[in-house]
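Let me begin by presenting the structure, written as structure tokens, before commenting on it.
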Amino acid sequence: MTIQPGDTIPAMKLMTGTADGPKEVGTETLFGPGTTVLFGVPGAFTPTCSAKHLPGFVQHAAEFRAKGVNHIVCMAVNDPFVMGAWGRDQGVGEHVVMLADGSAEFTRALGVELDLTARGLGVR
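Everything in the sequence shown is counted per our numbering, starting at 99 for the first residue and increasing by one.
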């Protein structure tokens, strides 16, 4: 079942890609009190995600904050090193948390996985 607004986020530990390297974060911290915008992308450094998906959230981060959003989280089935490098390349700074779900465990728990094995990309 796909996660819906207001549903409880599954409790687990994940990794974020930061300017200082990978950092572990619990979903209870990241998605705790307040409002979090979570968006998923098929993969870091993919052409459309780099040109359209992530930049829009960075560009409009102040507007989200003004509406009470505490965190903006970009999730991809990539490792934290790749997510950190992509965040630096895209200039996300402190605007967007770059969440790595390397094994797609969190993605599956949310019910939003996409099997792109036939295209050589595995489960996203």
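Where a beta carbon is used, it is the ideal one built from N, C-alpha and C, also for glycine.
Take V66 and list the residues in its own chain whose beta-carbon comes closer than 8 angstroms to its own, dropping the five residues that flank it on each side. Summary: the structure shown does not reach residue 66, with the chain confined to residues 99 through 222, and so no result is reported for it.
Per-residue burial, M110 [other beta carbons within 10 Å of its own, 16 or more giving buried]: Taking the sequence shown and counting its residues from 1, the one referred to as residue 110 is at position 12. When all chains shown are included, M110 counts as exposed.
Look up M181 in the DSSP assignment and say whether it is helix, strand or coil. As a working note, residue 181 is residue 83 in the sequence shown. Three-state DSSP puts M181 in a helix.
Are there 16 or more other CB atoms within 10 angstroms of the CB of V221, so buried, or fewer, so exposed? On the sequence shown, position 123 is the one that residue 221 refers to. Its Cβ having fewer than 16 others within 10 Å, V221 is exposed.
Spatial neighbours of G200 in its chain, beta-carbon cut-off 6 angstroms, leaving aside the 5 residues before and after: As a working mapping, residue 200 is identified with position 102 in the sequence shown. A distance below 6 angstroms between beta-carbons, with the five flanking residues on each side excluded, links G200 to the following residues of its chain, in chain order: D177.
Would you say V210 and A174 are within 8 angstroms of each other, going by their C-beta atoms? Counting from one through the sequence shown, the residue named residue 210 turns up at place 112. Counting from one through the sequence shown, the residue named residue 174 turns up at place 76. No. Outside cutoff.
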